[in-house]
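Number of protein chains: 2
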Amino acid sequence: MKPIRFDKDGLVPAIVQDANSKTVLTLAYMNEESLQKTMETKETWFYSRSRQQLWHKGETSGNTQHVVDVRYDCDQDAVLVLVEPKGPACHTGAYSCFSQSLTGSTSKVEGDRFQILNDLEETIAK
Amino acid sequence: MKPIRFDKDGLVPAIVQDANSKTVLTLAYMNEESLQKTMETKETWFYSRSRQQLWHKGETSGNTQHVVDVRYDCDQDAVLVLVEPKGPACHTGAYSCFSQSLTGSTSKVEGDRFQILNDLEETIAK
């Protein structure tokens, strides 16, 4: 992973964004191995800082994330992973991990705004 | 900032997203003071890890970011700041800091997809 600058713990923050709805789903961390696996398998792999091990998103839940693109920022110390999620990103079952507001705004995080199109596509495919 | 869990360096990663186009602009870091100032002034303030000081985005360039909402994630260790940017987010002059792809995809990061609507609004307001 030539251009990426991992921090002193060997990690880089990875923003996961829905490629279609553009909703930010999760902030997680990758080490070099998980970024490599993400590129190779086209599914998201992270490094769990609490469990100190690789983590294949959706391995047990089935809620994998198909990787459409991996971008990096101007100082090469953050990545942006554009995905098509197979299910909720959050362990709470929510579509996005960012479901609460500090401003006390009552607007809920929208679900996938384009889910209806995916549903329609699946229905047509049947 | 009750619910936010700052790390051992007193920082939390802050994803900055355009509230209208939904493009992810920057990943930066906030300490408690910069988050407080962000909430109070409704403009983004960060903590520069290299310069070890507060940093008011756009203070010199004029490219401030009006804060629409500040969200936080399920484990309270990342924030998502939804903004209306007054200009480019990146020090390179690019609309977003995430302008390069690891996948070698040639698709450029789109500019603000809704800029034309802002321009139209300004024109009408004249």
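Protein chains in written order, with our numbering: chain A, 25 to 150; chain B, 25 to 150. Every residue gets a Cβ at the ideal spot worked out from N, C-alpha and C, and that includes glycine.
- Item | One or two residues paired with threonine 50 of chain B in a DSSP bridge | DSSP lists B/Val40 as partners of threonine 50 of chain B.
- Identify, in the order they occur along the chain, each residue of the same chain with its Cβ nearer than 6 Å to the Cβ of histidine 80 of chain B, setting aside the five sequence neighbours on each side. For histidine 80 of chain B, where only same-chain residues beyond five positions count, the Cβ hits under 6 Å are Trp69.
- Message: I need the DSSP call for aspartate 99 of chain A, collapsed to helix, strand or coil.
- Response: Here aspartate 99 of chain A sits in coil by DSSP.
- Message: According to DSSP, is aspartate 108 of chain B part of a helix, a strand, or is it coil?
- Response: According to the sequence shown, residue 108 of chain B is glutamate rather than aspartate. Of the three classes helix, strand and coil, the one that applies to glutamate 108 of chain B here is strand, per DSSP.
- At a Cβ cut of 8 Å, what residues of the segment 108-125 of chain A count as close to chain B, listed as they run along the chain? Within the segment 108-125 of chain A, contact with chain B at the beta-carbon level (separation under 8 Å) is assigned to Cys114, His115, Thr116, Ala118, Cys121, Phe122, Ser123, Gln124 and Ser125.
- Query: Among A/Val92, A/Asn87 and A/Glu56, which residue has its Cα nearest to the Cα of threonine 127 of chain B?
  - Reply: Minimum Cα-Cα distance from threonine 127 of chain B among the listed residues A/Val92, A/Asn87 and A/Glu56 corresponds to A/Val92.
- Item | Start and end residues, beta strand (DSSP E) containing leucine 78 of chain A | Its beta strand (DSSP E) spans residues 77-80.
- Message: Quick check: is the beta carbon of threonine 127 of chain A nearer than 8 Å to any beta carbon in chain B?
- Response: Put simply, the CB of threonine 127 of chain A is near chain B, with a gap under 8 Å to one of its CB atoms.
- Cβ separation of alanine 43 of chain A and valine 103 of chain A, assumed to be a contact under 8 Å, to the nearest whole Å: By a beta-carbon distance limit of 8 Å, alanine 43 of chain A does not contact valine 103 of chain A. Their separation comes to about 14 Å.
- Item | Environment of isoleucine 140 of chain B [buried if 16+ CB atoms lie within 10 Å] | Counting of Cβ neighbours within 10 angstroms places isoleucine 140 of chain B among the exposed residues, the total staying below 16.
- 7 Å Cβ cut-off: residues of chain B touching arginine 75 of chain A: Neighbours of arginine 75 of chain A on chain B: none; closest Cβ ~13 Å, over 7 Å.
- Determine the DSSP secondary structure at glutamate 57 of chain B, reduced to helix, strand or coil. Glutamate 57 of chain B falls in the helix class under three-state DSSP.
- Report the option in B/Gly86, B/Phe122 and B/Gln77 whose CA atom is closest to the CA atom of methionine 54 of chain B. Measuring from the Cα of methionine 54 of chain B, the nearest candidate turns out to be B/Gln77.
- Kindly list, in the order they appear in chain A, the residues whose Cβ is closer than 9 Å to that of leucine 71 of chain B. Note that residue 71 of chain B is tyrosine in the sequence shown, not leucine. Those within 9 Å of tyrosine 71 of chain B in chain A number zero; the least Cβ separation is about 15 Å.
- Is any beta-carbon of chain B found at less than 8 Å from that of arginine 95 of chain A? Yes, its Cβ sits closer than 8 Å to a Cβ of chain B.
- Under 8 Å by Cβ, that's how I've got leucine 49 of chain B and alanine 113 of chain B pegged, so tell me the actual separation to the nearest angstrom. The C-beta distance from leucine 49 of chain B to alanine 113 of chain B rounds to 4 Å, short enough to fall under 8 Å.
- Based on the DSSP output, what are the partners of phenylalanine 70 of chain B in its beta bridges? According to DSSP, phenylalanine 70 of chain B bridges with B/Trp79.
- Task: Can you give me the Cβ contacts of threonine 130 of chain A inside the same chain, cut-off strictly under 7 Å, excluding the 5 residues immediately before and after it?
- Result: With a pLDDT of only 47 at threonine 130 of chain A, under the threshold of 50, the placement of this residue in the model should not be trusted; the figure read from the coordinates follows. Same-chain partners within the cutoff: there are none.
- Message: Quick check on threonine 130 of chain A: does DSSP put it in helix, strand or coil?
- Response: Summary for threonine 130 of chain A: the model assigns pLDDT 47, below 50, so the residue's position carries little reliability, and this model does not support an answer.
- Task: With a threshold of 16 other CB atoms inside 10 Å of the CB of alanine 149 of chain A, please say whether the residue is buried or exposed.
- Result: Classification of alanine 149 of chain A: exposed, given that the 10 Å Cβ count is below 16.
- Comparing the C-beta of alanine 102 of chain B with each C-beta of chain A, is any distance below 8 Å? So yes, alanine 102 of chain B belongs to the interface.
- Query: Based on the DSSP output, what are the partners of valine 94 of chain A in its beta bridges?
  - Reply: Paired residue(s): A/Val105.
- With C-beta atoms as the reference, is threonine 62 of chain A less than 8 Å away from valine 94 of chain A? Result yes, Cβ atoms of threonine 62 of chain A and valine 94 of chain A sit closer than 8 Å.
- Message: Quick check: proline 109 of chain A and leucine 51 of chain B, are their CB atoms within less than 8 Å of each other?
- Response: In terms of Cβ geometry, proline 109 of chain A and leucine 51 of chain B do not form a close pair [threshold 8 Å].
- Among B/Arg29, B/Gln41 and B/Lys26, which residue has its Cα nearest to the Cα of phenylalanine 122 of chain B? Minimum Cα distance to phenylalanine 122 of chain B is reached at B/Gln41.
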